[in-house]
Amino acid sequence: MFEGLTSNLKNALSGLARGGKLTEGNIRDGLREVRQALLEADVNYDIATSFIERVTEQAVGEKVLKAVRPDEQIVGIVHQELINLMGPVEPGFSFKPSGITVIMMCGLQGSGKTTTCGKLARLLKEQGREPMLVAADLQRPAAIEQLKVIAGQVDVPVHAESPEGTNAVKVCQNGLSQAKKLGNVDTVILDTAGRLHIDQELMQELEQVERKLQPDQVVFACDAMTGQDAVNSAKAFNEALELDGVILTKLDGDTRGGAALTVKEVTGVPIKYIGVGEALDRLEPFHPDRMAGRILGMGDVVSLVEKAQQQFDEEEAADLQNRMAQGKFSLNDFQKQMATIRKMGPMREIMKMIPGMGGLLDTNPDVDPGSEMKRIDAIISSMTPAERESPELIDHSRRRRIAMGSGTDPSEISRLVKDFNNMAGVMQKMAGMGMRDKMKAMRE
Ligand code: GDP
Numbered sequence: 332m333f334e335g336l337t338s339n340l341k342n343a344l345s346g347l348a349r350g351g352k353l354t355e356g357n358i359r360d361g362l363r364e365v366r367q368a369l370l371e372a373d374v375n376y377d378i379a380t381s382f383i384e385r386v387t388e389q390a391v392g393e394k395v396l397k398a399v400r401p402d403e404q405i406v407g408i409v410h411q412e413l414i415n416l417m418g419p420v421e422p423g424f425s426f427k428p429s430g431i432t433v434i435m436m437c438g439l440q441g442s443g444k445t446t447t448c449g450k451l452a453r454l455l456k457e458q459g460r461e462p463m464l465v466a467a468d469l470q471r472p473a474a475i476e477q478l479k480v481i482a483g484q485v486d487v488p489v490h491a492e493s494p495e496g497t498n499a500v501k502v503c504q505n506g507l508s509q510a511k512k513l514g515n516v517d518t519v520i521l522d523t524a525g526r527l528h529i530d531q532e533l534m535q536e537l538e539q540v541e542r543k544l545q546p547d548q549v550v551f552a553c554d555a556m557t558g559q560d561a562v563n564s565a566k567a568f569n570e571a572l573e574l575d576g577v578i579l580t581k582l583d584g585d586t587r588g589g590a591a592l593t594v595k596e597v598t599g600v601p602i603k604y605i606g607v608g609e610a611l612d613r614l615e616p617f618h619p620d621r622m623a624g625r626i627l628g629m630g631d632v633v634s635l636v637e638k639a640q641q642q643f644d645e646e647e648a649a650d651l652q653n654r655m656a657q658g659k660f661s662l663n664d665f666q667k668q669m670a671t672i673r674k675m676g677p678m679r680e681i682m683k684m685i686p687g688m689g690g691l692l693d694t695n696p697d698v699d700p701g702s703e704m705k706r707i708d709a710i711i712s713s714m715t716p717a718e719r720e721s722p723e724l725i726d727h728s729r730r731r732r733i734a735m736g737s738g739t740d741p742s743e744i745s746r747l748v749k750d751f752n753n754m755a756g757v758m759q760k761m762a763g764m765g766m767r768d769k770m771k772a773m774r775e
């Protein structure tokens, strides 16, 4: 996500720290580079220029120049201005206190609209709501079948009937009556028609759906990978339909970042969620502060902890803590932990959320932490249960057998066992400590 932007911004801002004493002149030069980085990220010219004007005004002030680390102050100002550019936003949608909340999803063909309907239904269900999907994209015949399949995958009801001669408004109305009949449904998500380009016929159809169905929320699925084009379509849809929110899709494939940075500024419509992968669980609430941190390569610890909380089971964690304290943490436990971490998402993305790690990955582009974990997993899987519980059993011949089984080298088995023993020792010590001592132990 945003690799190009992050490294260009880092270069521009670290240039400020390198140049010795900061003066108004070299601050202006550095910020010109920041503007260039924004333009290369596909931020439109006017927005990039006024952004830099706001930053410059604060950065050349007395307070910054007299600060102990003016370069850090400037990074802080850029961070805050990025937050202001993308926010503010109330994450999530508001729902009616009773009755059915209708969410109308619209967007261009291929933007990820249908997939996003499924992702949203899944997320709302997780939050305890009872969503239902309605397939009203009669434009792309495969979309109806696709939504049916997705509804099955996320286990929510779907209305996917479109007899000959029907139209989008009728399908939505029938969907809504079916939802009422089902009784427990509290949210209906309408997957409306898309086109390759904005045209009048499409807008008329969508306006009709909006007029007749009076949705509580109109949401635009916006393909981040198409940059300014996506922002321009968001603008056109907003003029016709008064959008309540944008869901930015395919952010995982967006190296530039222009749409994320400017859609709010151009349209006034906030980003509510971001799509970060094809799978149906890859939808996250949008937080401008966390996103600004990620863009500047500062990591995003808050999201990391939240992701971890979603995957870890509290009881299991307590049990693990006990086993660690008693020195019983085994290779089996280690393998289970790795599997849990892998469920949090692609390893490179996860590591980038840890402050400082992003830079390390940038300077070592060939390192793939995900494949390293897979190797370790393969090694442990090639051990017998007894070896996993008591790695001291692993002698020369066992090492060779494990290496053959996992397609690795015997020296890697020795290294893994050694690393594991060190780690288990540290864990045993830490498990018995309070938080303050743990932090101290980690620093030592
Ligand atoms: P629609 O025509 O707008 O309904 O688009 P689809 O929902 O069929 O999505 C088009 C393609 O984009 C599909 O291959 C999806 O899997 C993919 N897609 C949707 N959202 C994301 C996302 O957040 N990340 C990635 N990488 N792909 C996505």
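Here this note's numbering is used: the sequence shown runs in plain steps of one and ends on residue 775.
Glycine included, C-beta positions come from ideal geometry on N, C-alpha and C.
query: Cβ of D583 versus every heavy atom of ligand 3: is any distance shorter than 6 Å?; result: Among the ligands present in this structure, namely ligand 1, ligand 3 is not found.
query: Assuming H490 and Q509 form a contact by the criterion Cβ under 8 Å, report the distance between their Cβ atoms to the nearest whole angstrom.; result: 5 Å
query: Identify every residue that forms a DSSP beta bridge with T518.; result: T432 and P462
query: Taking the CB atoms as reference points, tell me whether G423 and A552 lie closer together than 7 Å.; result: no
query: Roughly how many angstroms lie between the CA atoms of R359 and G418, to the nearest whole one?; result: 26 Å
query: M735 to G441, Cα distance in whole Å?; result: 46 Å
query: Taking C-alpha atoms, which residue in L439, S493 and L454 lies nearest to K465?; result: First, the amino acid is wrong: residue 465 is Val here, not Lys. Per the Cα distances, S493.
query: How big is the Cα-Cα spacing for D585 and V395?; result: 33 Å
query: Check whether the segment 481–490 touches the segment 535–546, counting contact only when three or more Cβ pairs, one atom from each stretch, lie closer than 8 Å.; result: no
query: Rounded to the nearest angstrom, how far is the Cβ of D664 from that of R654, given a contact under 8 Å?; result: 6 Å
query: Do A379 and R366 count as a contact pair if the criterion is CB distance below 7 Å?; result: yes
query: Pull up the DSSP beta-bridge partners for C553, would you.; result: L579
query: Would you mind working out which of L469, A709 and Q642 sits nearest E496, comparing C-alpha positions?; result: In the sequence on display, residue 496 carries Gly and not Glu. The candidate whose alpha carbon is nearest that of G496 is L469.
query: What three-state label does DSSP hand P741 in the structure shown?; result: helix
query: On a Cα-Cα basis, can you pick out the residue from Q666, G701 and G658 that is closest to N753?; result: G658
query: Suppose the cutoff is 6 Å on Cβ atoms and the five residues either side in sequence are ignored; what does the same chain contact list for P619 look like?; result: I414, M417 and G418
query: Answer yes or no: the CB of T445 versus the heavy atoms of ligand 1, is any distance below 6 Å?; result: yes
query: For the beta strand (DSSP E) that contains L614, what are its first and last residues?; result: L614 to P616
query: Less than 8 Å between the CB atoms is what I'm expecting for R460 and T387, so what's the real figure, rounded?; result: The pair is not a contact, with the Cβ atoms about 46 Å apart (cut-off 8 Å).
query: Given a cut-off of 7 Å, decide if G608 and D631 are closer than it, judged by their beta-carbon atoms.; result: no
query: Are Q404 and A398 closer than 7 Å when you measure CB to CB?; result: yes
query: In angstroms, rounded to a whole number, what distance separates the CA positions of R613 and I672?; result: 15 Å
query: Considering just the uninterrupted stretch of the beta strand (DSSP E) at G606, what are its terminal residues?; result: I602 to G606
query: For L662, count neighbouring C-beta atoms within 10 Å of its own C-beta (all shown protein chains included) and say buried if the count is 16 or more, exposed if not.; result: buried
query: Short check: CB of T523 to CB of C437, under 7 Å?; result: yes
query: For the candidate residues D575, G606, R621 and A590, whose alpha-carbon lies nearest to that of N434?; result: According to the sequence provided, residue 434 is Ile. The question's Asn does not apply to it. Nearest of D575, G606, R621 and A590 to I434, Cα basis: D575.
query: Given A571, which residues of its chain have a CB within under 8 Å of its CB, disregarding the five upstream and five downstream residues?; result: M534, L537 and E538
query: Look up Q411 in the DSSP assignment and say whether it is helix, strand or coil.; result: helix
query: Measuring CB atoms only, is the segment 524–533 touching the segment 335–347, in the sense that at least three cross pairs come out at less than 8 Å?; result: no
query: Please state the DSSP three-state secondary structure of H528.; result: coil
query: Give the DSSP-derived three-state secondary structure of V489 in the structure shown.; result: strand
query: Please look up how many angstroms separate the CB atoms of V516 and V562, rounded, as I've assumed it's under 8 Å.; result: The pair is not a contact, with the Cβ atoms about 34 Å apart (cut-off 8 Å).
query: Just how far apart, CA to CA, sit Q640 and L353?; result: 43 Å
query: If the criterion is Cβ atoms closer than 7 Å, does the pair R621 and V633 meet it?; result: yes
query: Give me whichever residues DSSP pairs with A482 in a beta bridge.; result: In the DSSP output, where bridge partners are listed per residue, A482 has none listed.
query: Buried or exposed: V289, going by 16 or more other Cβ atoms within 10 Å of its Cβ?; result: There is simply no residue 289 to check, as the chain begins at 332 and stops at 775 in what is shown.
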